[in-house]
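One structure below.
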Amino acid sequence: MKKYGILNSSISKVLADLGHTDQIIIADCGLPIPDHVKKIDLALKLGSPSFSEVFEVILENMYVEQAVIANEITEHNEQLENIINNSINNINYVSHEELKKQSNVAKAIIRTGEATPYANVILQAGVNF
């Protein structure tokens, strides 16, 4: 058994397999997930685990060079937008529809139990050198 870090084997493997510019998504429980994209479903019930909880652990274990969030978050989920802005320097805003289109190229989508509006982020892998 691992001593520390992410215990979820699916998430651990996805992160280990990422190359520069590969993308994963941390999603709320309502984001549609394309059939061909790996879904890692952590949702237990509404709100659990929260987006913030999963986001924090992923950032501890992944080099992120940029993020993409829906511009609708600014009006409908300012608290979550602040959490993302305080954690990542390079953030691009797109429409929620565009974010859903971009989900087609993600290596994996991690589904949380989050049930607040626009609680989705695309994380693009950086490199550690």
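Everything in the sequence shown is counted per our numbering, starting at 4 for the first residue and increasing by one.
Cβ coordinates follow ideal geometry from the N, Cα and C atoms, glycine included.
Using 9 Å as the threshold, is the C-beta distance between residue i and residue j below it?
i, j, result
"V71", "I36", "no"
"G129", "Y66", "yes"
"I27", "I86", "no"
"N74", "I43", "no"
Just verifying my parser: in three-state terms, what is the DSSP assignment at residue i?
i, result
"D44", "strand"
"V71", "strand"
"A30", "strand"
Candidates the options: which alpha carbon is nearest residue i's?
i, options, result
"L126", "F132, P120, E117 and Q105", "Q105"
"V97", "K6, E56, D38 and Y121", "Y121"
"L49", "L62, D38, S12 and G33", "G33"
"N89", "H99, T24, F58 and D25", "F58"
Taking the C-alpha atoms as reference points, what is the distance between residue i and residue j?
i, j, result
"E78", "N107", "25 Å"
"M4", "K16", "14 Å"
State the CB to CB distance for the pair residue i and residue j, rounded to an integer number of angstroms; the pair is presumed to be in contact (CB under 8 Å).
i, j, result
"V124", "I29", "5 Å"
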